[in-house]
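In the numbering used here, the protein residues as written are 159 to 589. We put the CB at the ideal spot given by N, CA and C, even for glycine. Just so it is clear, the structure is predicted and the values come from calculations on it, not from any experiment.
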Ligand code: SF4
Ligand code: SF4
């Protein structure tokens with residue numbers, strides 16, 4: 159694609175990078191075939207190619223974002239199915255990051271939109287605030303019909319019961335069972351600590367059983383993905399810098415073989431820290447942390463997971479976009495499930511997003527619900543006993559549309575190798 163940036167514009171390193179990405183697009187349109195929003199809305203401007211044109215027009219003319227551009231960029235799920243499909247290797251993710259930061263800087267959103275985004279950015283990444291907000295949402299449930307649409311959505315999404323705070327999410331070291339093979343840090347995350355403590359508990363048990371010493375590093379917290387996807391780069395860089403410093407203290411101390419991440423949405427962002435800080439003082443440690451960041455399935459592949467120890471069961475594997483497109487991890491989780499003895503069912507159109515996409519299902523409810531229905535129908539058609547995924551957001555989104563139990567991949571692997579049955583599979587269904 160030809161571009162018309164001036165030499166002066168290209169002195170800005172971020173603009174120069176965006177220009178390089180724009181030039182790599184040959185506008186062939188292959189990406190439209192796998193774009194979920196294009197499939198739902200059928201509008202070229204809601205396809206990757208259409209969005210690339212909008213971004214090009216905005217940046218090339220050095221103008222502030224307008225309402226039309228913002229509408230179509232906001233509707234993008236950041237699922238990155240387009241990157242898996244693109245034959246020219248267009249880095250849509252980094253182009254979108256740049257566009258969102260430009261929108262955040264130059265566009266004044268309507269007041270309610272600003273308030274809603276502020277609430278999400280100020281509440282979700284902080285477990286104590288998030289817990290309090292869920293309690294408040296439950297109290298407000300009786301008069302939710304009086305509230306504006308977004309606040310009603312928040313209440314609808316708030317779980318009626320929360321698990322108690324898990325002591326495992328506090329900074330500490332869990333010794334390996336038997337001979338120590340690896341020393342890894344576990345990212346315990348933010349929203350996951352509030353909504354589902356079983357995932358980190360199962361991850362710790364499983365890693366210990368397979369010979370890992372597991373560290374929950376002092377000071378590590380939210381990865382910054384949520385604010386990053388909103389274009390709030392000041393907030394996201396602060397969160398990222400905080401984690402880089404926390405994990406570097408472990409790297410420089412007793413050393414780390416990996417940073418294990420069991421929320422693939424967060425994993426995609428941590429693996430991108432090196433890029434986020436490429437022009438900053440933290441460039442070197444950020445690149446180190448990105449290189450150490452691994453999805454839990456990547457780490458488990460290197461450990462001796464026992465074979466054929468699971469109860470016979472059909473497991474529908476939902477491939478989270480952040481795992482299959484964002485990190486290009488497609489087979490490892492399925493291979494691990496098969497290794498321990500589960501039968502893995504693969505729903506059709508597995509490349510399609512379930513509509514969760516971070517806070518997308520709170521902000522773009524209709525598109526998210528449409529995608530959820532498609533995903534649930536495809537999964538239910540495989541008649542599984544259980545659904546599993548490697549990302550809590552997908553688990554909640556899919557779980558809200560089906561009666562089939564939904565668990566995290568590590569919960570099944572932990573159960574098969576000696577851990578407790580996942581709560582969702584107990585007869586009383588502790589959901
Ligand atoms: S497939 Fe790639 S090169 Fe073709 S239009 Fe889409 S982004 Fe551009
Ligand atoms: S990230 Fe997903 S929703 Fe956005 S343009 Fe690419 S395929 Fe479409």
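Going by the CB atoms, is the gap between residue 537 and residue 474 shorter than 8 angstroms? Residue 474 sits at position 316 when you count from the first residue of the chain shown. Residue 537 sits at position 379 when you count from the first residue of the chain shown. A contact, by the Cβ cut-off of 8 angstroms.
With DSSP run on the structure shown, which of helix, strand or coil describes residue 305? Indexing the chain shown from 1 puts residue 305 at position 147. Residue state, collapsed to three classes: coil.
Consider the C-beta atom of residue 211 and the heavy atoms of ligand 1; say whether any pair is separated by less than 7 angstroms. In the chain shown, counting from the first residue as 1, residue 211 sits at position 53. No - ligand 1 has no heavy atom lying nearer than 7 angstroms to the Cβ of residue 211.
Closer than 6 angstroms from C-beta to any heavy atom of ligand 2: which residues, in chain order? 193, 194, 195, 206, 209, 234, 235, 236, 237, 238, 239, 240, 250
Environment of residue 318 [buried if 16+ CB atoms lie within 10 Å]: Looking up residue 318 in the chain shown gives position 160. With fewer than 16 Cβ atoms within 10 Å of its Cβ, residue 318 is classed as exposed.
If contacts are defined as beta-carbon pairs under 8 angstroms, then residue 472 and residue 580 qualify, I think. What distance do you get, rounded to the angstrom? For the purposes of this step, residue 472 is taken as residue 314 along the chain shown, with counting starting at 1. For the purposes of this step, residue 580 is taken as residue 422 along the chain shown, with counting starting at 1. With 8 angstroms as the limit, residue 472 and residue 580 do not qualify as a contact, their Cβ atoms being about 15 angstroms apart.
Meets three-Cβ-pair contact criterion under 8 angstroms: the region 454-461 and the region 357-370: yes
Do residue 243 and ligand 1 come close, with the Cβ less than 7 angstroms from some heavy atom? Here residue 243 refers to the residue found at position 85 of the chain shown. Yes, ligand 1 has a heavy atom inside 7 angstroms of this Cβ.
Distance cut-off 7 angstroms: residue 187 Cβ against heavy atoms of ligand 1: For the purposes of this step, residue 187 is taken as residue 29 along the chain shown, with counting starting at 1. Yes, the beta carbon of residue 187 sits closer than 7 angstroms to at least one heavy atom of ligand 1.
Verify the contact flag: residue 514, CB atom, against every heavy atom of ligand 1, threshold strictly below 7 angstroms. Residue numbering aside, residue 514 sits at position 356 when the chain shown is read from its first letter. Flag unset: Cβ of residue 514 not near ligand 1.
Runs of beta strand (DSSP E) wholly within the region 526-563 (minimum 3 residues, chain order): 544-547
From this set, 575, 559, 525, 435, which residue's C-alpha is nearest residue 196's C-alpha? Your numbering for residue 196 matches position 38 in the chain shown. Residue 525 is the option with its Cα nearest to residue 196.
So what does DSSP say about residue 250, is it helix, strand or coil? As a position in the chain shown, residue 250 is number 92, starting the count at 1. Helix at residue 250.
For the alpha helix (DSSP H) that residue 196 lies in, which residues bound it at each end? Counting from 1 along the chain shown, the entry for residue 196 is found at position 38. Unbroken alpha helix (DSSP H) run through residue 196: 194-199.
Check this for me: beta carbons of residue 461 and residue 339, under 8 angstroms apart or not? Your numbering for residue 461 matches position 303 in the chain shown. Your numbering for residue 339 matches position 181 in the chain shown. Against a cut-off of 8 angstroms, the Cβ pair of residue 339 and residue 461 comes out as a contact.
For residue 485 versus residue 423, is the C-beta distance shorter than 8 angstroms? Here residue 485 corresponds to residue number 327 of the chain shown, with the count starting at 1. Here residue 423 corresponds to residue number 265 of the chain shown, with the count starting at 1. Taking 8 angstroms as the Cβ cut-off, residue 485 and residue 423 do not qualify as a contacting pair.
Can you tell which of 355, 483, 346 has its C-alpha closest to the C-alpha of residue 419? Position 261 of the chain shown, counting from 1, holds the residue named residue 419. Taking only the C-alpha atoms, the option nearest residue 419 is 346.
Whole-angstrom distance between residue 255 and residue 325, CA atom to CA atom: The residue labelled residue 325 in the question sits at position 167 within the chain shown. The residue labelled residue 255 in the question sits at position 97 within the chain shown. Their Cα atoms are separated by approximately 35 angstroms.
Considering residue 240, what are the terminal residues of the alpha helix (DSSP H) in which it resides? As a working note, residue 240 is residue 82 in the chain shown. Residue 240 -> alpha helix (DSSP H) spans 239-243.
Is it buried or exposed for residue 412, if we count other Cβ within 10 angstroms and need 16 for buried? As a first step, residue 412 must be located in the chain shown, where it is residue number 254. Exposed, because fewer than 16 other Cβ atoms sit within 10 Å of the Cβ of residue 412.
Can you tell me the Cβ-Cβ gap for residue 231 and residue 267, rounded? I've got them flagged as a contact below 8 angstroms. Position 73 of the chain shown, counted from the start, is the residue given in the question as residue 231. Position 109 of the chain shown, counted from the start, is the residue given in the question as residue 267. About 12 angstroms; that fails the 8 angstroms criterion.
Local conformation of residue 170 per DSSP, three classes: Here residue 170 is taken as the residue at index 12 of the chain shown, counted from 1. The answer is coil: DSSP assigns residue 170 none of H, G, I, E or B.
When you compare each of 215, 402, 410, 408 to residue 430 by their alpha carbons, which one comes out closest? Along the chain shown, one-based indexing puts residue 430 at 272. Here the closest residue by C-alpha is 402.
Going by other Cβ atoms of all chains shown within 10 Å of its Cβ, with 16 needed for buried, is residue 303 buried or exposed? In the chain shown, the residue the question calls residue 303 occupies position 145. With fewer than 16 Cβ atoms within 10 Å of its Cβ, residue 303 is classed as exposed.
Contact belief for residue 300 with residue 332 at Cβ below 8 angstroms, rounded distance in angstroms: The count along the chain shown starts at 1 and reaches residue 300 at position 142. The count along the chain shown starts at 1 and reaches residue 332 at position 174. About 42 angstroms; that fails the 8 angstroms criterion.
When you compare only the Cα positions, how much space is there between residue 578 and residue 572? Walking along the chain shown from the start, residue 578 turns up at place 420. Walking along the chain shown from the start, residue 572 turns up at place 414. Their backbone Cα atoms lie some 7 angstroms apart in a straight line.
DSSP state of residue 287, grouped into three classes? Position 129 of the chain shown, counted from the start, is the residue given in the question as residue 287. If DSSP states are grouped into helix, strand and coil, residue 287 belongs with the helices.
Flag this pair as yes or no: are the beta carbons of residue 357 and residue 564 separated by less than 8 angstroms? Counting from one through the chain shown, the residue named residue 357 turns up at place 199. Counting from one through the chain shown, the residue named residue 564 turns up at place 406. The answer is no: Cβ separation not under 8 angstroms.
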